[in-house]
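>
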Amino acid sequence: MGKVIAIANQKGGVGKTTTAVNLSACLSNAGNKVLLIDIDPQGNATSGIGINKGEVSTCIYDILIEEEDAKAACVPSNVPNLDAIPATIQLAGSEIELVPTISRELRLRKALESVRDDYDYIIIDCPPSLGLLTLNALTAADSVLIPVQCEYYALEGLSQLLNTVRLVQKRLNQNLAIEGVLLTMLDARTNLGLQVIEEVKKYFQDKVFKAIIPRNVRLGEAPSHGEPIISYDPKSRGAEVYSDLAKEVMANGQRVG
Ligand code: ADP
Ligand code: MG
5 MGKVIAIANQ
15 KGGVGKTTTA
25 VNLSACLSNA
35 GNKVLLIDID
45 PQGNATSGIG
55 INKGEVSTCI
65 YDILIEEEDA
75 KAACVPSNVP
85 NLDAIPATIQ
95 LAGSEIELVP
105 TISRELRLRK
115 ALESVRDDYD
125 YIIIDCPPSL
135 GLLTLNALTA
145 ADSVLIPVQC
155 EYYALEGLSQ
165 LLNTVRLVQK
175 RLNQNLAIEG
185 VLLTMLDART
195 NLGLQVIEEV
205 KKYFQDKVFK
215 AIIPRNVRLG
225 EAPSHGEPII
235 SYDPKSRGAE
245 VYSDLAKEVM
255 ANGQRVG
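So the sequence shown is numbered by our numbering: it starts at 5 and just counts up by one.
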């Protein structure tokens, strides 16, 4: 049964989608069968692996709201061994549409039952909020991976996220573990970045991944070509470090729970 990892942080622009796309691709490249689920209405993870949103017939909206079968929504990406359940802008209204539905936090978890056995890893790219979509992801997940940008105020908002994780553990999913905290967009030329690393390590201790994602121009360019970094520029520093991250995730084991 595949391990489900939610990539979450309610702050926007911290590297969630970049991490979801590139971790998924590196896990596939290492020989795992991977499913990337996009639950952000922006659909950036969807286009980041070369899926044309205009051609999507079944998206995550149909699964969460219309309760369609998740298996039917899995489509291949341009990366071998990597499938996706895409998101389109149709998802934008779903936070509100989910409110009156039955078992509204459990929809994704239920939907994944039919596909979990088909994959080694299922990675969920969350939107930048702690609303019902992110709650669905945390309820469906075995673990949460938290990207934190190496900038001033890096820890701001994280207590809110951790409170949400605890609430989910108490009420909805007692097996939810913290996969790890990932430092992203490090500019090694500044002292600030190094200070942030110290601060985050003091707070999260051994939960911080050894791999630290540098600010890397090629990582920023890859999405506009619809490719993960390992195919866009396999020799770049970004490709190297996301491969290291995938190794750490594999070393963490299949199910943390
Ligand atoms: P989020 O999903 O948390 O909103 P993104 O992954 O979309 O964040 O990243 C925000 C922006 O920063 C995107 O334009 C992305 O291409 C760029 N970006 C992300 N990580 C890096 C990096 N390590 N180096 C350079 N640009 C990056
Ligand atoms: Mg995103």
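A virtual CB, placed ideally from N, CA and C, is assigned to each residue, including glycine. These figures come from a predicted structure and were not determined experimentally.
Output needed for Gly261: all residues of its chain with C-beta closer than 7 Å, excluding positions within five of it in sequence on either side, in chain order.
Within the sequence shown, the letter at position 257 stands for residue 261. In this prediction, Gly261 has a pLDDT of 41, which is less than 50 and means its spatial position is unreliable; what the coordinates show is noted afterwards. The answer, listed in chain order, is Asp146, Asn179, Ala181.
> Can you have a look at Val148 and say buried or exposed, based on whether 16 or more other CB atoms are within 10 angstroms of its CB?
As a first step, residue 148 is located in the sequence shown; it is residue number 144 there, counting from the start. Classification for Val148: buried.
> From the DSSP output, which residues share a beta bridge with Ile126?
Here the question's residue 126 lines up with position 122 in the sequence shown. Answer by DSSP bridge pairing, in chain order: Val8, Leu39.
> Find the nearest neighbour of Pro80 within the set Ser28, Ile67, Arg111, Ala96, judged by alpha-carbon distance.
Residue mapping note: residue 80 aligns to position 76 of the sequence shown, counting from 1. Closest option to Pro80, Cα to Cα, is Ser28.
> Please report the straight-line C-alpha distance between Gly230 and Lys251, rounded to a whole angstrom.
The residue given as residue 230 occupies position 226 in the sequence shown. The residue given as residue 251 occupies position 247 in the sequence shown. Cα-Cα distance, rounded: 24 Å.
> Could you pull out every residue in the same chain whose Cβ sits closer than 7 Å to the Cβ of Gly19, ignoring the five residues on either side in sequence?
Locating residue 19 in the sequence shown gives position 15, where the first residue counts as 1. Pro151, Gln153, Thr188, Met189, Ile217, listed in sequence order.
> Quick check: is any heavy atom of the ligand MG less than 7 Å from the C-beta of Lys174?
As a working note, residue 174 is residue 170 in the sequence shown. Because no heavy atom of the ligand MG lies under 7 Å away, the Cβ of Lys174 does not count as near it: no.
> Kindly indicate which three-state DSSP category Gly242 falls into: helix, strand or coil?
For the purposes of this step, residue 242 is identified with residue 238 of the sequence shown, where counting begins at 1. The answer is helix: DSSP assigns Gly242 an H, G or I state.
> My assumption, with CB atoms under 8 Å, is that Ile53 sits in contact with Leu102. Please give the rounded CB distance.
As a first step, residue 53 is located in the sequence shown; it is residue number 49 there, counting from the start. As a first step, residue 102 is located in the sequence shown; it is residue number 98 there, counting from the start. Not a contact, Cβ separation roughly 26 Å.
> Taking the straight line between their C-alpha atoms, what separation do you get for Asn33 and Arg222?
Taking the first residue of the sequence shown as position 1, residue 33 is located at position 29. Taking the first residue of the sequence shown as position 1, residue 222 is located at position 218. Those two C-alpha atoms are separated by around 19 Å.
> On the criterion of 16 or more Cβ atoms from any shown chain inside 10 Å, does Gly242 qualify as buried, or is it exposed?
In the sequence shown, counting from the first residue as 1, residue 242 sits at position 238. Buried, since its Cβ has 16 or more Cβ neighbours within 10 Å.
> Out of curiosity, what's the CA-to-CA distance linking Ile55 and Thr92?
Working through the sequence shown from its first residue, we reach residue 55 at position 51. Working through the sequence shown from its first residue, we reach residue 92 at position 88. Each residue's alpha carbon lies about 11 Å from the other.
> Would you say Gly197 and Lys15 are within 8 Å of each other, going by their C-beta atoms?
As a first step, residue 197 is located in the sequence shown; it is residue number 193 there, counting from the start. As a first step, residue 15 is located in the sequence shown; it is residue number 11 there, counting from the start. The answer is no: Cβ separation not under 8 Å.
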